[in-house]
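According to UniProt numbering, the residues represented by the sequence shown are 1 to 361, in order.
From the three backbone atoms N, C-alpha and C, an ideal C-beta is built for every residue, glycine too.
Note that the structure is predicted; figures quoted are calculated from it, not measured.
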Amino acid sequence: MANSLSRPIIRVANRMKLIADGDLTHEDLKTRSKDEVGVLIGAVNDMNRQIRSMAMEIGNVSETVMRRSEELTHSAMEVNSGSQQVASTMEELAIASETQVQSSSELVESMGSLTENIDNANEYGQKANQVTREVLKLTDNGNEAMNASILNMKMIDENVREAVVKVQRLDGHSKDISQLIKVISDIAEQTNLLALNAAIEAARAGEHGKGFAVVAGEVKKLAEQVARSVSNITGIVATIQKETSTVVQSMRESFEQVERGTEQIKSTGSAFESITYFIQQVVEQIQNISTDLDDIASSTKVMNSSISNIASISEESSAGIEETAASAEQTTSSMEEIVANAESLSTVAVDLDRLIRQFKV
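Take a look at the structure:
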C-alpha cells in the first residue's frame, strides 16, 4: 500500500521539478486513481498544459512584436531620410532667396536717384499711405489669429505631458506584475517541496497514509494562493488597459487641438489674402505716380518691373521655405521619436522572447 502511494507521489514530485526547470514538453501523467492522489495528478497535468499554452502564446506574440517593430523602424528611417533631404533643399532655397534679396536691394539703390522726381506725386502718396494703414490693420488681425494658434499649440503640449504621466503609471503597474509573478514562482517552489514531504509522509505512514491528506491540503491552499495571485495580475492588467485608453483619449484631444489650430491658421491665411489685395492697390497707386514722372522713361519701368518680379519671387520663396522648413522639422522630430519608440519596443520584445525561450514546449 505504501508503494502504491509513494510511486505516484514521486512521479508528481519529478514532474513538478521539470515544470519548475521550465521543461513543459512531457505528456500528462497517467493514473486511474480516483482518490486524492488522482486529484493531485490531474491538477499537475492541468497546470502543465496551461503553462505550456501560455508560454507558446507569449512566444508568438513576442515574435510578432519584434517583426512589426523592425518594419516600423525601417519605415520611420526612410521617412526621416526624406525629411533630411527636404531640409537640405531648404538650405539651397535659402541661399537663392538671399541672392534675390540682394538683387532687390541693388535695384532699390538705383531707384534712390529718382526720389526728387517723385515730390510732385504727394497726392498719390497720401492715398497709398491710407491703403497702407488698412494693410497694417489687417496684419494686426493676422497676428491675433496667429496668437490663437500658439495658444492651441500650448494646449497640445499640456495634453502630451499628461499622456507621458499616464504612461509612467503604466510602468509602475508593470513592476507590480513582476512582483506577482515572483509570488507565483515562490508558490511553485513550495508546492514542489510539499509534494516531496507528502511522499516522505506517506512512506512513513505505511498503509494508513494519513499524513498525505495533510500535505495534500497544504497543496490545495497553495493552489488557491496561485489563483488569487493570477486574479491580482488580471486586475492590474485591466488597470493598465484602462490607463492606455485614457492615454489614447488624451492623444485624441491633442488631435482636436491641432484641428482647431489649423482652422486658426486658415483664418490667418484669409487675412493675409486681404493684405495682398491692398498691397496690389498700393502697387497701382505707385504706378499712377510713375506715369506723372515724365523724366523716368522706359528704364524706370524696367526697374520697377524687375523689382516687382523679384519681390514676388522672394515672397513665394520665403513662404515656401517657411512652410516646408516647419514641415521638415516636425517630420524629423516625429520620425526620430517613432524610431526611438520602435527600437525600445524591439528591445522589450527581444527580452520577452529571451525569457520565454527558457521554457521547453
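Within the model, the alpha-carbon separation for K34 versus L24 is close to 25 Å. Cα atoms of L352 and R52: separation of roughly 16 Å, rounded to the nearest angstrom. Unbroken beta strand (DSSP E) stretches of 3 residues or longer found wholly inside the segment 1-76: none. A residue is called buried when at least 16 other Cβ atoms come within 10 angstroms of its Cβ; I9 meets this threshold and is buried. Taking the Cα positions, I236 is about 15 Å away from I184.
Residues of the same chain with a CB within less than 6 Å of the CB of I58, apart from the 5 flanking positions on each side, are I356 in chain order. Residue state for R357 is assigned as coil, using DSSP reduced to three classes. A straight line joining the alpha-carbon of A319 with that of E337 spans about 27 Å. Sorting E70, Y277 and L222 by C-alpha distance to the C-alpha of S346 places E70 at the top.
For the pair T31 and I41, the Cα-to-Cα distance works out to about 7 Å. Exclusion of the five residues before and after V44 leaves V12 and R15 as the residues of its chain whose Cβ lies within less than 6 Å of its Cβ. Non-local C-beta neighbours of L222 in its own chain, meaning closer than 8 Å and more than five positions away in sequence, comprise I187, Q190, T191 and L194, ordered along the chain.
Apart from sequence neighbours up to five positions away, the residues of its chain that approach N152 with a beta-carbon distance below 7 Å are Q257, R260, G261 and Q264, ordered along the chain. Between S250 and the set A342, M155 and E284, the nearest pair of CA atoms involves M155. For a cut-off of 8 Å, the C-beta gap from T73 to A342 is around 4 Å, short enough to register as a contact.
It is roughly 26 Å from the alpha-carbon of R49 to the alpha-carbon of M66.
Taking S327 as the centre and dropping the five residues before and after it, the same chain places no C-beta closer than 7 Å to its C-beta. Cβ-Cβ distances below 6 Å link Y277 to nothing in the same chain once the five nearest sequence neighbours on each side are left out. For T246, the closest of I233, E162, S62 and S229 by C-alpha to C-alpha distance is E162.
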